[in-house]
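Chains as they are written, first to last, in my numbering: chain A, 1 to 620; chain B, 621 to 937; chain C, 938 to 1252.
Glycine included, C-beta positions come from ideal geometry on N, C-alpha and C.
Working notes, beginning with the structure itself.
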């Protein structure tokens, strides 16, 4: 709760809204005891007094009634009606939505058709019809507004409930012996409450507007009683002669609704965990670079990554995702980069072309040189012209990485045409050839398919074809087969292997374990906690891993053909890169760790075969 | 030999495009009639690729999905679906995604309490003692009990999931891809923990996974699923070493093994579930397929010893 | 596509029937009987009974409904007693005025809202974003009728740029420039709230889409950022924007009721409010059914646009 308040007030506008609304609510509560004129006392002698007249701070209306008094009493009424309508609509709508969403099937079908039916009316028609039946009056206006808004809540909450009802913890609750009522009350509802609160807080303003609107039309509060809407409605005929009688209640409505909306947005932001972490920030076209100095060029090779540092800045926390990583990729070579999730392997790969999402990503040091040209901090246009032309990417999940609404042919031709001004027909011809190259059967017809019409394996072939579109020198493949089935994975790997040999591609191949890398890559580098801990020719590293982590990683992953056995597990957890320990990041999990492993910097040593360990395996 | 679990022609058909009234637009046979036997204290591994029906099968076994036909027997008695609590005391389920299987708004203690209260009627001190016992069994520190799920890593959350399943004191655990959401260095910890628990509590496991090597490492027997049917069963050491069904052979050859050259890029995909082929579902991808295979569905039959395959032309070994 | 349109049209039939049932039931609940309302409180019981028989009100409710529905199908919406003319004629006269107002406002709010939302998302936390966000929150907080009144004060009374009210000038009007002069203020006032809502939603949808993997793919291909935003991202965001356009069309139509009151626009909204205050039941009934049916038709257009945009829907 205190976290909630802190988050809420971190948002200055929401704080402002809370203060303004607080003052207004306080005034409305105090209205009966404030020294005001009676709101309905007419005095035709002093009609249309201007604001700041004696005895009437805000002036008087067409019947000589004190505007300030009427304003405060009207505010009281409008606030009460708006909140009540939101509460009724929110609770009834949520109840309907939860039931429909949780039970699904026919209950859902029938309820939601009814809701759809109500939503087929522009909302005011229904409100007008209800008022027509019940007759004009404030309570009837409240009922109308509440009823009209129930379908919106019901639909919204139903959607959220369906999402929750399919979560596994609901299944777990069933298996633990819970009945439907208990599940609804203890598992579903607590997860719905924040959504309902958000929905209500963002619609109260709207409800106040709507009830004010009905009153404005003369269908809400009836004279002499007045809410803000009917004050405006009565003042309308004197708009030109006595504008203050309209402006006063109008501004009050604006103030109330605006402060409610600001506060509502603040509540939404504070309750939504995604917004809380700033995860809804829009990634920019290239990763932000804040580099103090540029390391001197060391290695040559086609692509050389020198001392690369990429961090994520989330609030006060700094996640050192990539911590002084150096790699080198020679023409036609396949380099495997291995690491668990959070080791920084993907961030390293995405840093090359400035594709790390930023915010929160920042490249804080190092250089990435492509044929000698430093790409870190290069102008956007330079990076863009290299992306896909010199260095192409293949990503993990081919369903998420292809645009769902473009035909695969269009996505392929686009990849060609952004770098080469060829005609549509020529690009289309090339696209068909690319699809044939990645062995998609019936390429000429499949080119018109949308991604969702293809199987996972076919989609990944399209992803590969797209990477090949401009004949790049380097392909960076970020776990391209992890999302695929094992038989499909074998097909894709074999295809990649063929392509790299026939086109002499250099591949940076990123994987979470050794299995595939051992079959595909010439050299391999192992990452742990944002650093490279070992690198060398694949066969040598596999045969005699030097870093304890490499050794244990190899042996804890079972390989087919080993039969039934106890696995050599690594105790503990991978480190969090915002709280890296001193010394070796693996030391807390390492059974060979000595006191000096937990101190200072440990260098990556060696030439062809590198290891970052004070007591490497094999050396006694 | 006692059977812990037996299914007889268990099958599930999903309706696609349910209408308000009238029959659905189409049907998908997610699981064709499956008859399996799991012995007491055994680990039966179930492997298959996505869409093979392995999760549907698992959910039917624990009663989360009602089967379209067939029946389940646990320890010789037919399972009564009317009483979920009785169900829960016999058979429990460990979910694939450990984080999603824990209610984010409950503490770990509240999560563990539920099965103990509802299935075993524990209260007060006995309840607390049992919770600590369970937590200890999965190697977690008791101070974690009053935290919320988001404070745990995947591996820890999966231990909590296992503890919750154990809280019911079941006879059988269904493990549905219990380690595939975990980091590789943590997978082995959880697998070893599962092995220890099995010995300690005398459990029977059904271990479902797409990872052949993991299944081989933990199972006594393995059943291979393809397109909703069991195509091969046999002892773990034989199924992948000497596969009888061509599909099992393809799986075994596709698994990454360091040093082995990459297999040929043979293409081929699952048949369309809305429009399944008449004969063997694998015939379209199978090098040994004959006209018989394309016309008639092969039944699971003993090939040699306790190795079974559903194939008209099983491989010789 | 043709099949989808047909399917969607067919599925509108039960909705339309449902609308007539709801409207009929609501109207049937109105206390007191129309005959008394028509004849006034001094009518003799015999006269009331005769009129009831004449209007078919002594039949059971379901038969009344079917008679009414049958008449509707033949274009007979009944006769407004207050205006003493056929309901349908009055509706058609008034509806064209509403359509001009609401249609203009809808086009305005859709264009401005999406434009503002995309710019706001593309420049997240920049000056343009902050400015747009502020204007948007102001826009969704101001009652449209109050905004209309203030516009009259400023632009019509003070600056004399636009006429105060009405649809055409009484003298020498009736041509297009005159219509535009009269239309500008009400259409703007009407579009403000919906513009705000659409801009907000478009911004959110764009931010959501811009985080997706396929945007990264487009950038990795070397697609220019302009095209990433206005092509790849906007197209994907439209999938969530279009349904909101459908809902907002209903809100624009609803808001038109207030705006017509403020600007004395001779539209169907004012007609309805007057009819309710005069208890002219048949006019209310007919008006509600007519507008709801038009709205259902509009939503079919929205759904078809959505299906055209998103090929995953048709399957």
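CB contact below 8 angstroms: residue i versus chain C
i              : result
residue 414(A) : yes
residue 277(A) : Low per-residue confidence applies at residue 277(A): pLDDT is 49, beneath 50, and the placement is therefore not dependable, though the value from the model is reported in the following sentence. No, because no Cβ of chain C sits closer than 8 angstroms to the Cβ of residue 277(A).
residue 258(A) : yes
Chain-ordered chain D contacts of residue i [CB-CB under 7 angstroms]
i              : result
residue 216(A) : The chain inventory of the structure shown lacks chain D, comprising the protein chains A, B and C.
Interface flag, residue i vs chain B, CB-CB below 8 angstroms
i              : result
residue 487(A) : yes
residue 592(A) : no
residue 570(A) : yes
residue 497(A) : yes
residue 190(A) : yes
residue 227(A) : no
Within chain A, partners of residue i - CB distance below 9 angstroms
i              : result
residue 956(C) : 117, 120, 121
residue 801(B) : Near residue 801(B) there are no residues of chain A at all, since even the closest Cβ is about 10 angstroms away, more than 9 angstroms.
For residue i, the three-state DSSP class (helix, strand or coil)
i               : result
residue 996(C)  : coil
residue 892(B)  : coil
residue 507(A)  : strand
residue 1014(C) : coil
residue 290(A)  : coil
residue 727(B)  : coil
residue 229(A)  : helix
residue 885(B)  : Caution applies to residue 885(B), whose pLDDT of 48 falls short of 50 and renders its modelled position unreliable; the model cannot decide the point.
residue 795(B)  : strand
residue 979(C)  : coil
residue 190(A)  : helix
residue 1102(C) : coil
residue 277(A)  : In this predicted model, residue 277(A) has a pLDDT of only 49, less than 50, meaning its place in the structure is not dependable; the value taken from the coordinates is given anyway. Here residue 277(A) sits in coil by DSSP.
residue 713(B)  : strand
residue 618(A)  : coil
residue 1145(C) : helix
residue 406(A)  : coil
residue 689(B)  : strand
residue 855(B)  : strand
8 angstroms contact criterion, which residue i and residue j should meet: CB distance rounded
i               : j               : result
residue 1039(C) : residue 1130(C) : About 13 angstroms; that fails the 8 angstroms criterion.
residue 338(A)  : residue 514(A)  : 6 angstroms
residue 629(B)  : residue 689(B)  : 6 angstroms
residue 169(A)  : residue 721(B)  : 5 angstroms
residue 63(A)   : residue 42(A)   : 4 angstroms
residue 60(A)   : residue 141(A)  : Residue 60(A) to residue 141(A), Cβ: 26 angstroms. No contact.
Cutoff 8 angstroms: residue i Cβ touching any chain A Cβ
i               : result
residue 1027(C) : no
residue 720(B)  : yes
residue 945(C)  : no
residue 735(B)  : yes
residue 848(B)  : no
residue 934(B)  : no
residue 1061(C) : yes
Listed by chain order, chain B residues near residue i by CB distance under 7 angstroms
i              : result
residue 345(A) : Neighbours of residue 345(A) on chain B: none; closest Cβ ~12 angstroms, over 7 angstroms.
Under 7 angstroms from the C-beta of residue i: neighbouring residues of chain A
i               : result
residue 1079(C) : 254
residue 834(B)  : 558
Cross-chain neighbours of residue i in chain C, by beta carbon under 8 angstroms
i              : result
residue 401(A) : 1150, 1151, 1153, 1154
Under 8 angstroms by beta carbon: chain B residues contacting residue i
i              : result
residue 564(A) : 836, 837, 838, 839, 840, 856, 857
Residue ranges of each alpha helix (DSSP H) run of no fewer than 4 residues wholly in the segment 319-386 of chain A, ordered along the chain?
-> 345-352, 380-386
Within the segment 102-130 of chain A, note down every full alpha helix (DSSP H) run reaching 4 residues or more, in order along the chain.
-> 105-119
Complete alpha helix (DSSP H) runs within the segment 242-271 of chain A (minimum length 4 residues, chain order) = Counting only runs of 4 or more, we get 244-271.
Counting only runs that start and end within the segment 436-473 of chain A, where is the alpha helix (DSSP H) found for 4 or more residues in a row?
-> Runs of alpha helix (DSSP H) with 4 or more residues, each lying fully within the segment 436-473 of chain A, are found at 443-446, 456-468, listed in chain order.
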